[in-house]
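**Q** If you scroll down you'll find the structure; I have some questions about it.
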């Protein structure tokens, strides 16, 4: 993944100091950093790259509507724009309507599944926080735990065995970064909360034995983040894994 440069970090901090002077957001507030790559539509090879339009483009090809460009902050508006193009192409006349209150297929029996999960956890004295965070990440998919009593084993202070089984066997997680950042979201813990430790590398190795090179890549990325965000991240010999984000 791309990472922000020190100059980009400094620019954000300068803007924060200017726009929110009383917020107290400075380098000491940093605990994570990320950057993205934005796709731009090159219409001509002539002229400097700085003149390329940031506007996204829609392209029809073999009856498929393709999106080139766009950004996360306007994803909802861009998706609506694409649906409008599809509607015109298909001759739909019905207007869009809100999905507020609509139950998705995965939400069927959600409350019953969660109550069953909580009951099983309480029987095993699993901490409330672990229950709550597991439900937050999986929702009704906690029903997966019913397949095996061993799923309720608490393998780390934050995670149950069943969630790891789901992550690797159903979601097909392949990298330690995917596990800690996307699936378990442990990279994004604010400072002062427990960051992921080396036990996750051992657990990852149980499911993906060829994990050593991936671990090295992950540790290198984490070290780069620590360097970028320091002194926002405190690193010690006991715990070198860090967490998160330009919370501004």
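Numbering (my numbering), first residue to last: 159 to 406.
C-beta atoms are modelled at their ideal positions from N, C-alpha and C, and glycine is treated no differently.
Remember, it's a predicted structure, so these values are computed and weren't measured experimentally.
(1) Give the secondary structure of residue 226 by DSSP, where H, G and I count as helix, E and B as strand, and everything else as coil.
(2) On the three-pair Cβ rule with 8 Å, is the stretch 194-201 touching the stretch 161-170?
(3) If you reduce the DSSP assignment to three classes, tell me which class residue 289 lands in.
(4) Exposed or buried, what is residue 255 when buried is set at 16 or more other beta-carbons lying within 10 Å of its beta-carbon?
(5) When you compare only the Cα positions, how much space is there between residue 333 and residue 324?
(6) Beta-carbon separation of residue 291 and residue 311 under 9 Å?
(7) Between which two residues does the alpha helix (DSSP H) harbouring residue 306 extend?
(8) Could you tell me the alpha carbon to alpha carbon distance between residue 341 and residue 205, rounded to whole angstroms?
(9) In whole angstroms, give me the CA-to-CA distance for residue 217 and residue 208.
(10) So is residue 244 buried or exposed if we call it buried at 16+ other beta carbons inside 10 Å?
(11) If you check the beta carbons only, do residue 386 and residue 183 fall under 9 Å apart?
(12) Roughly how many angstroms lie between the CA atoms of residue 181 and residue 165, to the nearest whole one?
(13) What is the DSSP secondary structure of residue 272, reduced to helix, strand or coil?
(14) With a 10 Å radius around its C-beta and 16 neighbouring C-beta atoms as the bar for buried, classify residue 294 as buried or exposed.
(15) Could you tell me the distance, in whole angstroms, from the CA atom of residue 398 to the CA atom of residue 172?
(16) Quick check on DSSP: helix, strand or coil for residue 284?
(17) Could you say which of 268, 358, 237 and 213 lies nearest to residue 302 if we only look at CA atoms?
(18) Give the straight-line distance between the Cα atoms of residue 215 and residue 199, rounded to the nearest whole angstrom.
(19) Would you check if the distance between the CB atom of residue 279 and the CB atom of residue 288 is smaller than 9 Å?
(20) Give the secondary structure of residue 204 by DSSP, where H, G and I count as helix, E and B as strand, and everything else as coil.
(21) Over what stretch of residues does the alpha helix (DSSP H) that includes residue 360 continue unbroken?
(22) Can you give the Cα-Cα distance for residue 276 and residue 270, rounded to whole angstroms?
(23) Taking the C-alpha atoms as reference points, what is the distance between residue 262 and residue 240?
(24) If contacts are defined as beta-carbon pairs under 8 Å, then residue 318 and residue 361 qualify, I think. What distance do you get, rounded to the angstrom?
**A** So, from the listed chains and residues:
(1) strand
(2) no
(3) helix
(4) exposed
(5) 15 Å
(6) no
(7) Neither: residue 306 is in no alpha helix (DSSP H) and is coded neither H nor E.
(8) 42 Å
(9) 23 Å
(10) exposed
(11) no
(12) 21 Å
(13) helix
(14) exposed
(15) With a pLDDT of only 35 at residue 398, under 50, the local geometry of the prediction cannot be trusted, and the value read off the model is given with reservation. So the two alpha carbons sit approximately 28 Å from each other.
(16) coil
(17) 268
(18) 7 Å
(19) yes
(20) coil
(21) 357-365
(22) 10 Å
(23) 22 Å
(24) Contact flag wrong, Cβ pair sits at about 12 Å.
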